[in-house]
Every structure is written in C-alpha cells, then in structure tokens.
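Number of protein chains: 2
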Amino acid sequence: MSITLKEVAERAGVSRSAVSRTFTEGASVSERTRRKVEKAARELGYRPNALASSLTTGRTKLIGLISNNFHNPIFLEVFDLFTRGLQERGLRPLLVNLSGAPDPAESLELLRQYSVDGVIVASSTLPPEFALSFRKAGIPVVHSFGRMASASQVHVVGIDNIECGRMAARTLMQRGYGRVAFLGGPEAATSTQDRFAGFLEVMEANPQVRCHYSFASQYSFDAGRVAMTKELITQPAEAYFCGDDVLSIGALSAIASAGLKVPGDIGLIGLNDMEMARWENINLTTIRQPIRQIIDGSIELIASTLQEPDRFPEARLFACQVIERGTLRPLPAKT
Amino acid sequence: MSITLKEVAERAGVSRSAVSRTFTEGASVSERTRRKVEKAARELGYRPNALASSLTTGRTKLIGLISNNFHNPIFLEVFDLFTRGLQERGLRPLLVNLSGAPDPAESLELLRQYSVDGVIVASSTLPPEFALSFRKAGIPVVHSFGRMASASQVHVVGIDNIECGRMAARTLMQRGYGRVAFLGGPEAATSTQDRFAGFLEVMEANPQVRCHYSFASQYSFDAGRVAMTKELITQPAEAYFCGDDVLSIGALSAIASAGLKVPGDIGLIGLNDMEMARWENINLTTIRQPIRQIIDGSIELIASTLQEPDRFPEARLFACQVIERGTLRPLPAKT
DNA sequence: GTTCATTTTGCAACCGGTTGCAAAAAGGCT
DNA sequence: AGCCTTTTTGCAACCGGTTGCAAAATGAAC
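The following block contains the structure:
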C-alpha cells in the first residue's frame with residue numbers, strides 16, 4: 046500500500062541505509078546520493094514511517110494529553126493552545142479523556158503501549174499522585190494547572206491557587222461586604238481545596254465578617270446553577286467567591302432566575318477569566334489565570350524534559366490578577 | 046527500559062511466538078502455556094508494544110481527529126464525545142489542529158507517517174475536497190459536520206444545512222417580520238453557504254419581505270459582535286438568522302451595548318443550541334443540531350469502514366429542530 | 001603515482017512484535 | 001499398542017525502519 050524505504054532504494058540505485066540516512070538529521074551522505082534519493086522519493090511520494098523508526102530510535106514524538114475537564118469552556122482554549130504549541134515543535138498529541146472516570150491506571154498502560162515520549166496532564170482536579178505515576182514509570186510528565194506540592198516529584202505549571210483564594214477574599218473585604226461565601230468546585234479537586242484554604246486564611250483574619258461555604262459537584266454551569274439555587278433558598282451571602290468562572294455564570298443564571306440583581310443584591314467574583322466572562326451579557330468580575338503562559342510553559346518544560354529526562358522537578362507558577370467588571374459593587378470612595 | 050516479548054518468553058520457558066499468541070485474539074494456545082505466559086507477564090508487568098505490532102498487522106488503532114474549529118464552544122462537547130466514543134471502541138484519537146492554517150496537505154502526510162487507521166474530519170468549514178484527499182490516499186475517512194454533496198465520494202455525517210436555512214427563514218416569516226437578514230459565518234465555509242442558500246430560497250418565495258445579508262470573518266463571538274456592530278451603524282433588520290450560536294451571542298452583545306433590546310428592537314435566531322444558549326442570561330432561540338447523534342454516527346461509520354474499507358460512501362443526515370427561547374417575538378395569536 | 005586520513009557506502013544485525021509452515025505433541029479410535 | 005486426525009509449538013522470515021562496523025571511495029599531501 047504505502048511506499049517503503051526499499052522501493053526508494055531500488056529506484057535510486059542505492060542501499061536502504063543510504064535512503065534512511067538521507068532522511069536522518071546529521072547522517073553522513075554525499076551530495077550526489079542525497080540528490081538521487083530525494084528525486085526517487087519525490088517521484089514515489091515516499092514518507093518514512095514514523096512508527097517503524099520509533100522502534101529503533103525509541104522516540105515516537107507522541108505526547109499523551111490527558112484531561113478530565115471537558116465541561117469547562119476554558120478547556121477549548123487549552124486544547125487549542127496545546128495542540129498548536131505541540132505541533133509547532135513536531136510533537137503529536139494523543140488525547141486521553143478521563144471524564145467518563147475510566148481507571149487512571151489504565152490510561153498509564155495505554156500510553157505506555159503507544160510508547161509516548163511524554164505526557165501532559167491538563168487538569169486542576171486530578172491529584173498529584175496521578176502525574177507521579179507516569180514519572181515512576183519513567184515517562185516524562187508535566188502537570189498543568191496542577192497543585193504545587195512543596196516537595197513535588199513532578200513538574201507542575203500553573204498558578205498559586207492558595208494565593209488566588211486570598212486575593213479573592215481581600216477583594217471582597219475591600220468592597221466592604223459584611224457576609225461572604227465561598228462557592229467551590231468539587232471538594233475533591235485540589236484547586237478547590239487550595240482556593241478555599243487561601244480564602245479562609247484571610248477570612249479568619251477578619252472575624253468581623255461572616256463567612257460560609259459550599260461546593261458544587263463539578264466545574265460546570267449546571268453545577269454552579271444548582272449550588273447557587275440552594276444558597277438562595279436559605280440566607281444568601283452578600284458576595285460570593287466562585288471557584289471558577291463557569292460556576293459563576295451558572296450562579297449568575299440562578300440569581301437572575303430568582304429575580305435578584307447583580308451586583309445590587311448579590312456580588313460575585315470568579316476565577317479564570319474565560320472568554321465568556323467578558324461577554325457583555327455576562328460581564329463577570331474575575332481573577333485572570335494566564336492560560337497562554339501556563340501552556341507555553343508546560344510545552345517548553347515537557348520539551349526540555351524529553352532532552353534531559355532526569356531534570357530536577359520544577360514548579361512554574363504565574364501570577365493572577367483581578368479583572369474588574371460588573372459583578373462586584375465598586376470600591377468605596379477614598380476618605 | 047520496557048519489558049519485551051523475549052523477556053516474558055524466557056521467564057515462562059516458552060518461545061516468543063507462544064507469548065505473542067497469548068496476547069492475540071483467537072490464536073491457538075493451550076490452556077497450560079497461556080497460564081504460564083500470563084503469570085510471567087503479570088510478574089514482569091508486560092504490555093505488548095502497540096506500535097511494534099502495528100508494523101506487521103497494519104493496524105494502529107490510531108484515528109486522526111482533525112478540526113479547525115477551536116473557537117466555537119460547541120467543539121468542546123464535540124471533542125468530549127469523540128474522545129469518549131473512540132476510547133470505548135479501543136481507538137486512540139491523534140488530534141490535529143488546523144486552526145493556525147497550516148497546510149492541509151501537510152496534515153495528510155503527517156497522519157500517513159503515523160499510519161492512522163482512519164481519519165475523522167470534524168469541521169463545518171473545510172471543503173469536501175479535504176476529506177476526499179484522505180480517501181484518495183486510501184485512508185478511511187468520515188467528514189463530520191460536513192457538506193453533503195449529492196454524489197459524495199466520502200462519508201458525511203451531519204445535518205442538512207440548506208434545510209436549516211429554510212427552517213430559519215420560515216420561522217422568521219411565521220413571526221411576521223417584515224425586514225430580515227442573514228448573518229453568516231465565513232463566506233468560504235460550506236455550512237454558511239448552504240444555510241444561506243436555504244434561507245434565500247424561502248426569502249425569494251416571499252418577495253414582500255425585505256432581506257439582506259452579511260458575513261462574519263469566522264465562527265466566533267468576536268466576529269459576530271463585529272458583524273452586528275456594523276449592521277447597527279446602518280439600518281438594521283428587524284430579525285436576524287445568525288449562522289451559528291456563537292455568532293448570535295456576539296451579536297446579542299453588540300445589540301446590548303447599543304442600548305437596544307432583544308426581542309423588542311431586534312429578533313435573533315441562532316443555530317446549534319450550544320450549552321450557553323440555554324443560560325438564562327443568554328436564552329437564545331435557536332435551531333438544535335443533534336451533536337450527540339452526529340458524533341455517534343460518525344464513530345460508528347468510521348469503525349465499520351475500518352472493517353470494510355471499500356464500503357460505499359454514505360451520508361447520514363439528522364433532522365434539526367427549532368428551540369423556542371427568548372430572542373424572537375412570539376407567534377402572532379391565531380385568528 | 002603513492003600513501004594516509006577522511007568521508008561515504010553497504011552489509012548485517014537489530015528494534016518488538018506477528019505469522020506461515022512444518023514438526024511435535026496430544027487425543028481419538030480400533 | 002498402533003494409526004490417524006487435530007491441536008499446539010517453535011523456527012525463521014518478515015513488517016519498515018536504524019545503526020555499528022568494516023570495506024570502498026574520495027581527497028589531500030608529498
């Protein structure tokens with residue numbers, strides 16, 4: 046079916062090695078044979094079989110891209126940037142969807158079977174141990190959007206979620222809210238835990254402000270909507286820090302349905318600054334997570350780790366920033 | 046690094062063929078050796094190398110998943126469903142992002158190099174010729190969300206975009222709008238062309254209604270916003286059929302910014318029924334495209350084509366349906 | 001035209017599996 | 001036990017490449 050090395054060799058009147066060498070960076074071939082081979086290859090439409098060569102070279106240029114966040118619109122951008130960035134470096138993303146909760150261990154075996162060169166775990170909810178299992182199997186791995194453990198064994202690229210929690214709390218304090226709440230994603234998600242921890246830390250330093258919390262079942266519009274609806278039944282807070290923009294938008298929707306106004310009746314601050322947050326009909330005040338930098342950093346890191354597998358584990362954290370829009374009451378006038 | 050066939054064979058005290066056969070469906074192995082081999086394999090943590098075996102079997106179980114729609118939130122769901130569905134059948138999606146406009150021909154070569162078993166082109170904007178180039182190269186291909194050409198050479202799964210255009214036009218007619226417009230995606234997109242054609246067809250049968258049209262530069266929020274902003278500068282129509290929900294939402298945003306009301310001042314109907322369309326703060330009247338069926342159908346079709354490569358090209362089209370929400374004026378009361 | 005260093009080339013073995021074939025083992029029957 | 005059929009097994013070749021090594025070709029220097 047496909048053209049092979051041998052056919053090109055025959056047509057060019059050289060050995061198979063000669064053909065292989067013409068297509069191998071930095072191999073020794075004379076100008077004359079190179080031209081003969083290239084001509085024959087062109088005429089036949091030959092392209093070396095990447096899988097066959099991987100057998101001897103040990104490199105497939107395949108990168109496992111694993112995620113379980115297929116309900117958060119921000120991840121469309123994440124996939125876009127990852128695939129583009131990997132492609133530009135000649136790497137091929139093999140996508141693994143962990144949403145249906147198939148056994149994570151199984152995905153390791155799967156990617157081993159396909160001898161991927163490396164793995165990117167793009168998830169803010171998977172525990173560090175998951176990424177670690179790849180490293181233990183000798184596969185270079187980067188955990189994007191992951192939790193930064195102090196003595197981490199794997200590369201992590203992302204943000205300081207604890208600091209984001211603090212930042213959100215401080216922002217609410219500045220606005221003078223007297224009763225606030227944290228509306229998190231799934232309690233098992235490391236990102237939720239950390240954002241919550243940072244939030245609480247600041248709140249404990251401000252005991253005059255009442256504070257409570259609840260958790261949505263997942264990072265999705267519907268879950269956010271359900272959680273906020275529950276809040277509205279009992280006594281809602283004056284302002285909420287939602288653990289993610291998509292939750293915020295679900296919450297906004299619940300608030301609108303209840304006939305309440307934002308930020309008049311209830312204030313809201315999200316996290317991520319996803320595309321929809323700036324849509325005029327949403328206009329969400331939020332904390333921006335620098336997606337592009339996180340992804341570029343992740344790709345850069347996995348690429349370097351392919352060259353140098355025993356590279357010391359590293360954490361790259363990027364600063365976040367409050368984006369002022371229309372879902373929090375304005376700062377009180379300066380005295 | 047990794048455990049190989051040979052090591053398992055030695056430990057189990059059998060030949061390499063015996064080991065290979067234990068892991069090959071339907072090969073002849075006695076119960077006794079199978080057990081010996083399985084024991085040895087388990088102890089060593091052996092997994093056959095999928096790439097190596099693909100060399101002889103000619104099957105990689107890799108499926109190229111190609112798209113250029115990384116700015117339309119609907120595609121997050123598309124990727125979710127595709128990856129899940131493929132995984133369930135033991136197929137692995139190799140993702141190719143055509144957004145950065147890299148040469149389409151290059152992506153064919155790339156996927157040939159990785160000897161994918163088949164290809165799914167998930168795009169409503171790529172021309173039929175693109176999918177065709179894979180078929181010509183002998184690679185099974187399904188074009189999802191593609192244009193149904195009458196004598197198509199490739200499998201197509203999707204909707205009848207022309208009929209959707211008609212449906213939108215009829216819906217606007219029923220509401221008694223006197224001046225309507227089509228706000229399409231990129232003019233080069235087959236889906237836009239077809240939706241436009243259907244729309245025009247009905248409008249020509251209703252010459253009493255004034256009608257004009259314009260096109261956004263791509264299927265994205267921003268492009269929709271820009272296009273509608275331009276419309277508002279000149280004399281806008283009473284109601285618009287937007288070629289896609291994401292355009293509609295951009296348009297909604299432009300309308301809101303101009304201080305106009307929907308559906309009071311301007312009516313809007315979209316196409317897709319993406320998740321955000323039902324968010325209360327958007328609440329878009331739209332035409333639902335049955336994503337799940339399209340994707341299940343695509344996967345089913347590519348899987349069958351792997352078995353039977355010369356299967357006759359087939360088109361599977363699914364019906365669409367108007368979803369009534371809040372961006373069109375209500376039907377006039379019955380007389 | 002030699003001689004020697006350097007580059008280019010082909011041979012053959014290998015990467016990790018699969019598979020046709022013939023020999024060996026097992027099973028059935030008289 | 002002997003014969004025949006069926007199943008199981010290992011050998012060896014192959015899939016499409018790469019690569020160490022030694023031989024052949026080239027080029028430089030004398």
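Line order of the protein sequences matches chains Z and W. Residue numbering for the first sequence follows the working numbering, beginning at 46 and increasing consecutively. Residue numbering for the second sequence follows the working numbering, beginning at 46 and increasing consecutively. Yeah, the Cβ is synthetic: ideal placement off N, Cα and C, and Gly gets one too.
Item to check | Residue(s) in a DSSP beta bridge with histidine 200/W | outcome: Bridge partners of histidine 200/W: Val187/W.
Next on the checklist: Quick check on this structure: which residue in Ser65/W, Tyr222/W, Ile204/W, Glu369/W has the alpha carbon closest to the alpha carbon of threonine 235/W?
Outcome noted: Checked all of Ser65/W, Tyr222/W, Ile204/W, Glu369/W; the closest Cα to threonine 235/W is Ile204/W.
Item to check | Contacts that glycine 145/W makes with chain Z (C-beta to C-beta distance below 7 Å) | outcome: Those are Arg129, listed as they occur along chain Z.
Checklist entry - From this set, Thr78/W, Val166/W, Arg224/W, which residue's C-alpha is nearest valine 59/W's C-alpha? => result Considering only alpha carbons, the answer is Thr78/W.
Next on the checklist: As a quick exercise: from Lys181/W, Ser160/W, Val141/W, Val123/W, pick the residue whose alpha carbon is nearest that of alanine 95/Z.
Outcome noted: Nearest option by C-alpha distance: Ser160/W.
Next on the checklist: For threonine 67/W and glutamate 83/W, which I take to be in contact (beta-carbon distance under 8 Å), what is that distance rounded to the nearest angstrom?
Outcome noted: Yes, threonine 67/W and glutamate 83/W are in contact; Cβ-Cβ is about 7 Å, under 8 Å.
Checklist entry - Are the Cβ atoms of glycine 230/W and alanine 261/W separated by less than 8 Å? => result Taking 8 Å as the Cβ cut-off, glycine 230/W and alanine 261/W qualify as a contacting pair.
Next on the checklist: Only counting the same chain, and skipping five residues up and downstream in sequence, which positions put a Cβ closer than 8 Å to that of arginine 337/Z?
Outcome noted: Same-chain partners within the cutoff: Leu126.
Next on the checklist: For the stretch 170-182 of chain Z against the stretch 106-117 of chain W, do three or more pairs of beta-carbon atoms, one drawn from each stretch, fall closer than 8 Å, so that the two count as touching?
Outcome noted: The stretch 170-182 of chain Z makes no contact with the stretch 106-117 of chain W, as fewer than three CB pairs between them are under 8 Å.
Next on the checklist: My output table needs one value for alanine 296/W: the three-state DSSP class, helix, strand or coil.
Outcome noted: Helix at alanine 296/W.
Item to check | Coarse secondary structure for serine 98/Z, derived from DSSP in three states | outcome: The answer is helix: DSSP assigns serine 98/Z an H, G or I state.
Item to check | Backbone secondary structure at glycine 210/Z - three-state DSSP | outcome: Three-state result, glycine 210/Z: helix.
Item to check | Helix, strand or coil at leucine 89/Z [DSSP, three-state] | outcome: The answer is helix: DSSP assigns leucine 89/Z an H, G or I state.
Next on the checklist: What residue range does the alpha helix (DSSP H) around glutamine 352/W cover?
Outcome noted: First-last of the alpha helix (DSSP H) with glutamine 352/W: 336-352.
Item to check | Inter-stretch contact at 8 Å, needing at least 3 Cβ pairs: the stretch 346-361 of chain W / the stretch 325-337 of chain W | outcome: These segments do not touch.
Item to check | Proximity test, Cβ basis, 8 Å: aspartate 125/Z and chain W | outcome: Any Cβ of chain W closer than 8 Å to the Cβ of aspartate 125/Z would place that residue at the interface, and such an atom is present.
Checklist entry - If we cut at 8 Å on Cβ distances, does glutamate 65/Z have a partner in chain W? => result The sequence given here has serine at residue 65/Z, not glutamate. Output row for serine 65/Z: interface = no.
Checklist entry - Would you call alanine 378/W buried or exposed, if buried means 16 or more other Cβ atoms sit within 10 Å of its Cβ? => result Result: exposed.
Checklist entry - When burial is assigned at 16 or more other CB atoms within 10 Å of the CB, is glycine 71/W buried or exposed? => result Looking at its Cβ environment, which holds fewer than 16 other Cβ atoms inside 10 Å, glycine 71/W is exposed.
Item to check | Endpoints, alpha helix (DSSP H) assigned at threonine 128/W | outcome: Taken as a continuous stretch (DSSP letters only), the alpha helix (DSSP H) holding threonine 128/W covers 119-133.
Next on the checklist: Counting only beta-carbon separations shorter than 8 Å, does glutamate 154/W have a partner in chain Z?
Outcome noted: For glutamate 154/W, the answer is yes, since a Cβ of chain Z falls inside 8 Å of its Cβ.
Checklist entry - Mind checking proline 375/W: buried by the 16 CB within 10 Å criterion, or exposed? => result That one is exposed.
Item to check | Under 8 Å between C-beta atoms of serine 293/W and glutamate 325/Z | outcome: No; because the gap between Cβ atoms is not below 8 Å, this pair is not in contact.
Checklist entry - Helix, strand or coil: which one does DSSP assign to glutamine 366/Z? => result When DSSP states are grouped into helix, strand and coil, glutamine 366/Z belongs to the strand group.
Item to check | Endpoints, alpha helix (DSSP H) assigned at proline 313/W | outcome: Per the sequence shown, residue 313/W should be read as leucine rather than proline. Per DSSP, leucine 313/W lies in no alpha helix (DSSP H) segment; the continuous beta strand (DSSP E) that holds it begins and ends at 312-317.
Checklist entry - Out of curiosity, what's the CA-to-CA distance linking alanine 63/W and serine 98/W? => result So the alpha carbons of these two residues sit roughly 15 Å apart.
Next on the checklist: Based on DSSP bridge pairs, tell me the residues matched to serine 259/W.
Outcome noted: Paired residue(s): Leu228/W.
Checklist entry - How about phenylalanine 175/W: is its C-beta nearer than 8 Å to some C-beta of chain Z? => result No, because no Cβ of chain Z sits closer than 8 Å to the Cβ of phenylalanine 175/W.
Checklist entry - By the criterion of Cβ-Cβ separation under 9 Å, what are the contact partners of proline 93/W in chain Z? => result Going along chain Z in sequence order, the residues near proline 93/W (Cβ under 9 Å) are Gln158.
Checklist entry - Hey, out of Ala167/Z, Gly309/Z, Leu89/Z, Ile368/Z, whose CA is closest to leucine 50/Z's CA? => result If we check each option's Cα against that of leucine 50/Z, Leu89/Z comes out closest.
Item to check | Delimiting residues of the beta strand (DSSP E) encompassing glycine 109/Z | outcome: Run containing glycine 109/Z: 107-112, per the beta strand (DSSP E) assignment.
Item to check | Assigned exposure category for phenylalanine 241/W - 16 Cβ within 10 Å defines buried | outcome: Classification of phenylalanine 241/W: buried, given that the 10 Å Cβ count is 16 or more.
Next on the checklist: Under 7 Å, CB to CB, which of the residues in the stretch 339-365 of chain Z have a partner in chain W?
Outcome noted: Going along the stretch 339-365 of chain Z in chain order, one finds no residue with a Cβ nearer than 7 Å to chain W.
Checklist entry - So, using beta-carbon positions, are valine 225/W and glutamate 283/W closer together than 8 Å? => result Yes, the Cβ-Cβ distance between valine 225/W and glutamate 283/W is below 8 Å.
Next on the checklist: For valine 307/W and asparagine 117/W, I'd like the C-alpha separation in whole angstroms.
Outcome noted: CA-CA distance, valine 307/W to asparagine 117/W, rounds to 23 Å.
Checklist entry - Any idea what DSSP makes of alanine 182/W, helix, strand or coil? => result Residue state, collapsed to three classes: coil.
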